[in-house]
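For reference, each letter of the sequence shown is one residue, going 4 to 327 in our numbering. Where a beta carbon is used, it is the ideal one built from N, C-alpha and C, also for glycine. If you're wondering where the values come from, they're calculated on a predicted model, not measured in any experiment. Read through the structure below, which is laid out as structure tokens, and then see the notes.
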Amino acid sequence: MEQMTNIKPLTPDSIDEAVQYWRDGHLVAFGTETVYGLGADACQPLAVSKIFATKNRPQFNPLISHVADPETAFALGNVTPLAQTLADTFWPGAMTLVLNQCEDRTIADLVTAGLDSVALRVPEHTGARQLLAAAAVPIAAPSANPSGRLSPTTADHVAMAFADQDEPKLILDMEASAKGLESTVIDARGDIPVLLRPGSITAEMIAELTGHAPKAPENRILSPGQLASHYAPNARIRCHADAPQTGEAWLGFGNDPDLSEALEACNLSPQADLNEAAANLFSMLRVLDQSGAASIAVAAIPHHGLGVAINDRLSRAAAPRPSS
Ligand code: TXA
Ligand code: MG
4 MEQMTNIKPL TPDSIDEAVQ YWRDGHLVAF GTETVYGLGA DACQPLAVSK IFATKNRPQF
64 NPLISHVADP ETAFALGNVT PLAQTLADTF WPGAMTLVLN QCEDRTIADL VTAGLDSVAL
124 RVPEHTGARQ LLAAAAVPIA APSANPSGRL SPTTADHVAM AFADQDEPKL ILDMEASAKG
184 LESTVIDARG DIPVLLRPGS ITAEMIAELT GHAPKAPENR ILSPGQLASH YAPNARIRCH
244 ADAPQTGEAW LGFGNDPDLS EALEACNLSP QADLNEAAAN LFSMLRVLDQ SGAASIAVAA
304 IPHHGLGVAI NDRLSRAAAP RPSS
């Protein structure tokens with residue numbers, strides 16, 4: 004099979020090319036001081052769905068959004084005194100802060116897995132910051148490896164991992180990642196830091212700076228992987244439905260049945276396209292939930308490709324919840 008990997012060193016021209024790909028809804032892999040990221044414009048849900056498809060991730064876990072400077076980060080997430088202290092010392096750098104999203108949400112629901120919070124990072128790598136400044140939009144980027152494989156620290160790792168995929172369209176060679184370990188993720192919404200993912204900025208460094216030993220996530224729900232279950236709609240979810248019953252909300256896929264009994268209806272993808280369905284999933288669940296319907300009936304979603312992650316999300320939402 005012909006391999007057409009587009010690897011380029013970071014130059015003004017390759018930056019322009021990357022920005023154009025991002026604008027057109029494609030993926031570009033780029034280096035940071037931690038690991039290579041597989042990036043998409045965080046404001047374009049369809050582009051973000053390609054991250055999950057390309058990584059073959061079976062779940063929609065929330066992604067980190069990368070920006071060029073702390074001011075831009077704090078235009079997306081509400082700054083707290085704790086966040087300000089951490090940012091003043093560790094940004095730019097290998098730290099990601101989880102904050103409450105600002106009122107005026109621009110980041111796609113698929114990036115935050117429907118959560119009200121957002122994970123933000125200002126990398127230190129000079130080239131990465133030039134690239135992010137040129138992009139002028141937040142770039143959602145998990146590590147640029149297929150799900151379950153090691154995180155990549157060279158452009159060649161990325162190229163080998165995705166050799167048979169049509170994304171990313173471009174891999175920017177930014178030299179080997181110095182740290183080779185993902186960023187430290189800190190929930191900085193409260194007064195005391197909560198360490199969601201350990202990394203090269205250690206608990207000791209955080210304690211020394213803030214005067215508080217970081218807490219472990221109180222709630223299992225906040226730990227990686229479990230997080231997607233946090234956004235649970237109020238409505239009951241009824242999967243594999245043929246049609247809505249009277250008063251139910253309807254979430255369709257492909258051709259819709261008779262919707263005259265539905266309280267409210269959305270269609271994830273009338274063309275039955277799984278990428279489009281993934282892009283619409285969280286925002287449509289939110290709309291239907293806000294309709295006040297007691298139950299949302301959901302059409303069957305094929306269980307392959309991105310359909311696996313969509314079904315994972317729907318079955319978690321459908322599962323009985325512990326009352327709290
Ligand atoms: O070093 C890194 O952080 C790399 C490079 C590319 O920047 N990126 C990376 O991204 O590892 P990602 O998307 O794979 O990391 C996501 C982590 C997960 O542990 C996830 O649970 C957490 O961030 N996270 C994202 N959004 C969150 C949120 N709203 N609340 C809590 N945790 C969140
Ligand atoms: Mg990873």
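With a cutoff of 8 Å, I174 does not count as near the ligand TXA, since its C-beta is closer than that to no heavy atom of the ligand. Within the same chain, and ignoring the five residues on either side of P12 in sequence, the residues whose Cβ sits closer than 7 Å to its Cβ are D176. In the three-state reduction of the DSSP assignment, R239 falls in the strand class, which pools E and B. Buried is the label assigned to N314, since at least 16 other Cβ atoms lie within 10 Å of its Cβ. For the alpha helix (DSSP H) assignment, the uninterrupted runs of no fewer than 4 residues enclosed by the segment 53-133 are, from N- to C-terminal side, 73-79, 84-93, 112-115. In terms of side-chain proximity, the C-beta atom of T115 is found nearer than 8 Å to a non-hydrogen atom of the ligand TXA.
At least 9 Å separates the beta-carbon of S263 from that of A143. Per DSSP, the beta bridge partners of K11 are L175. Taking 9 Å as the cut-off, the Cβ atoms of F55 and L118 do not count as close. For T156, the closest of I240, D91, A32, T205 by C-alpha to C-alpha distance is A32. Within a 10 Å sphere around the beta-carbon of S180 sit 16 or more other beta-carbons, which makes this residue buried. When Cβ pairs closer than 8 Å are counted between the two stretches, the segment 165-176 is seen not to touch the segment 61-79, the count staying below three.
In terms of CA proximity to R192, L123 leads the group G310, K58, L123, A71. For A71, the CB contacts under 6 Å within the same chain, skipping 5 residues up- and downstream, are R132, L135, A136 in chain order. Annotated three-state conformation of S272 is coil, per DSSP.
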